[in-house]
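In this note's numbering, the protein residues as written are 2 to 403.
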């Protein structure tokens, strides 16, 4: 049997760590970083293959982000739920696992055909975690020949894991910032186009509706004055009644135009009441509400209302749901809006309902929020929107609306 990593002296160990640091600073991408780390480890140690599994942003699972060739072809394709297999166990317990041989006998082991685990005898799996990143994934090394990995080998791998965790955290922050900036740019373009379209629509509505009715109203009021001057009271009353009807119709059109700009229901009922009205407006669907009555900043209320409007429209169009739940709840640092249905569900990765979800994400990002979508065909859908609030806003009193 041969000793584990094959790093016989501290000088070789330091060289490996320096190479990992260099790989970690090579660029902001998670996958290139993971590939570089896997390459450095297999080139500098006595291991034969290395896998870098990264914790997913939104789901309780791990995705293969980097691997020694030829397994690099499986990057992005291999996913493991937390708690599944040795890798999932390490992620859940944040403890290393060393298996020198006969890993098939370990109850935690689950074979992954794409990674050909049966071809390798020994393995070490360590969590990749650091402060402030927390757990970001799991690092695995395997050898064809049996090797005895000792505490020093595990310590080196855990040190590598901490270095990689910090780098992955920075890469993710960079990716999120870039995605947010791109989304803001796209949304700004859409907002300019939408504002121009809204101006044109309002101009048409005012010209074709309100202004024409005002012209007609003026004509009838002139007729009333003429009839009164002639002493024809009955004719004056007829035109006055018509004028009153026109006033009411014009007022309704004006209110509709204003409502298209900002939902008046927010001013009348608040966000909780407006969400309840939206949900109860769905036909033939049971509605379960758990809504906090606190008032939020105006821009947050409008964003959450429009998000709920878009999401519930998706439910009506696609979900074939029997029940819809809407929950608005405070957290220690913000507010959650959760919209869930028991409908047919869909695969978020396949792009179903893509336009609606893109709009939901963009609206959330404009108020500094995030969106999490959980769905599978046949299991319904849950959309959770989290928006941060400052301490002053978050400290206001609240009540429940159910």
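Beta carbons: idealized from backbone N, C-alpha and C, even for Gly. Everything numeric in this text was worked out from a predicted model, so none of it was measured.
Apply the 10 Å Cβ neighbour rule to residue 289 and answer buried if 16 or more other Cβ atoms are within range, or exposed otherwise.
By the neighbour-count rule (16 or more Cβ atoms within 10 Å), residue 289 is not buried but exposed.
Report the three-state DSSP secondary structure of residue 150 (helix, strand or coil).
coil
Return the chain-ordered list of same chain residues with a C-beta closer than 6 angstroms to the C-beta of residue 380, the five sequence neighbours on each side being excluded.
346
Residue 234 and residue 224: beta carbons closer than 9 angstroms?
no
Going by beta carbon distance, what residues of the same chain come within less than 8 angstroms of residue 296, once the five residues before and after it are set aside?
Cβ within range, chain order: 271, 272, 302 and 397.
Could you tell me the distance, in whole angstroms, from the CA atom of residue 79 to the CA atom of residue 161?
22 angstroms
Coarse secondary structure for residue 114, derived from DSSP in three states
helix
Integer Cβ distance of residue 75 from residue 63, believed to fall under 8 angstroms:
The pair is not a contact, with the Cβ atoms about 13 angstroms apart (cut-off 8 angstroms).
First and last residue of the uninterrupted alpha helix (DSSP H) at residue 268:
It spans 265-281 - the alpha helix (DSSP H) in which residue 268 sits, taken as one unbroken run.
Do you know whose CA, among 183, 344 and 148, lies nearest residue 285's CA?
344
Buried or exposed: which applies to residue 138, given that a residue is buried once 16 or more other Cβ atoms fall within 10 Å of its Cβ?
buried
Between which two residues does the alpha helix (DSSP H) holding residue 221 run?
212-231
Could you round the C-beta distance between residue 368 and residue 304 to whole angstroms and report it? I think they count as a contact, below 8 angstroms.
5 angstroms
Measuring straight from C-alpha to C-alpha, what distance separates residue 371 and residue 12?
45 angstroms
Express the C-alpha separation of residue 178 and residue 5 in angstroms, rounding to a whole number.
Going by the C-alpha atoms only, they are around 40 angstroms apart.
Checking the sheet assignment: what are the DSSP bridge partners for residue 336?
331 and 388
Residue interval of the beta strand (DSSP E) (run including residue 379)
Premise fails: residue 379 is in no beta strand (DSSP E) and is neither H nor E.
Expressed to the nearest angstrom, what Euclidean distance is found between the alpha-carbon atoms of residue 131 and residue 175?
Cα to Cα, the separation comes out at about 18 angstroms.
Thinking C-alpha only, which one of 18, 50, 377 and 267 is nearest residue 349?
377
What's the gap between the Cα of residue 21 and the Cα of residue 33?
13 angstroms
Contained beta strand (DSSP E) runs [length at least 3] in the region 20-108, N- to C-terminal order:
50-56, 62-68, 80-82 and 98-100
Residues near residue 96 by beta carbon distance below 8 angstroms, same chain, minus five either side
If we look at residue 96 and ignore the five residues flanking it on each side, its Cβ neighbours are 128.
Is residue 368 helix, strand or coil by DSSP?
coil
Burial state of residue 391 (16 or more Cβ within 10 Å)
exposed
Just verifying my parser: in three-state terms, what is the DSSP assignment at residue 238?
helix
Report the CB separation of residue 110 from residue 144 in whole angstroms; it is logged as a contact under 8 angstroms.
Contact between residue 110 and residue 144 is absent: CB atoms are separated by about 16 angstroms, not below the 8 angstroms threshold.
Residues in its own chain within less than 7 angstroms of residue 82 by CB, not counting five upstream and five downstream?
61, 62 and 89
For the beta strand (DSSP E) holding residue 130, just list the boundary residues, first then last.
Taken as a continuous stretch (DSSP letters only), the beta strand (DSSP E) holding residue 130 covers 123-131.
Going straight from the alpha carbon of residue 182 to that of residue 281, what length do you get?
36 angstroms
Sequence-distant residues of the same chain with beta carbon closer than 6 angstroms to residue 51, five excluded per side:
Once the five neighbours on either side are set aside, the close Cβ partners of residue 51 are 39, 42, 43, 69 and 142.
Proximity below 9 angstroms, CB of residue 360 to CB of residue 299:
In this structure, residue 299 does not lie closer than 9 angstroms to residue 360 by Cβ.
Counting C-beta neighbours from all protein chains within 10 Å, is the total for residue 48 16 or more, i.e. buried, or is it exposed?
Residue 48 should be labelled buried.
Separation of residue 45 from residue 18, as counted between CA atoms
10 angstroms
Relative to the C-alpha of residue 338, which residue among 321, 313 and 319 is closest?
313
I'd like to confirm the pairing. Which residues does DSSP put opposite residue 134 in its beta bridges?
Under DSSP, residue 134 takes part in no beta bridge, so it has no partner.
Nearest to residue 293 (by Cα), restricted to the options 374, 276 and 242
276
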